[in-house]
Amino acid sequence: MKKNKKVASTMISLLFLLSSFSFIIFAIFILFLHSVVFEVRVINGFQNNSSLPLVIWCSSKHSDLGGRALQEHDDFGWRVTTTLWNADHHRFSCTIKWDSKRKSFDAFKVPRDFYRCRVFNKCSWLVTEHGFYFSPDEVNWKKDFQW
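So for the sequence shown, the working numbering puts the first residue at 699; every next one is plus one.
The structure is reproduced here in structure tokens:
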């Protein structure tokens, strides 16, 4: 009788471990396949530059978003629907020009931005004469790049 209880207890423990492992695998599977929509936005944060627009051109491997000339405080934005599974396919690079300055940077790439933009599903860039500032909430800005 004791042997049967021990076997039953071992079987229950094994089933619990297998179900826990299955749940973890299922959760990881859902995380990788679940689509998330991010809003990407680039803002002209230059002060007193009304005579010179910020010229921006953005594209990914599969789509060309075109170019824009942004006046002071104008913005250019788009949406990206992605998963962790297709991380290589969702990288948006932008080239920005102002006066004699020119800079290319990744405005959105899944490995870097999937989690840092996840809280508000927003990746925002403020471009100023001092550099490129990133924010996931458009309140707290952190300098990421120089010109």
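For each residue, glycine too, the CB sits at the ideal point set by N, CA and C. Quantities reported herein were computed from a predicted structural model and do not represent experimental measurements.
Same chain, Cβ closer than 7 Å to Leu752, five either side skipped, listed in chain order: Asn742, Phe744, Leu768, Ile794, Trp796, Val825
DSSP beta-bridge partners of Asp804: Ser791
Own chain, CB closer than 8 Å to Gly775, minus 5 neighbours either side, in chain order: Glu737, Val738, Arg739, Val740
Pair within 8 Å by beta-carbon distance, Phe803 and Cys792: yes
Three-state secondary structure assigned by DSSP to Val735: strand
Neighbour-count burial assignment, Asp835, 16 or more Cβ in a 10 Å radius: exposed
Same chain, Cβ closer than 6 Å to Val837, five either side skipped, listed in chain order: none
Three-way DSSP call (helix, strand, coil) for Arg816 in this model: coil
Cβ-Cβ distance between Phe914 and Phe806 below 8 Å: This structure cannot settle anything about residue 914, because the visible part of the chain is limited to 699 through 845.
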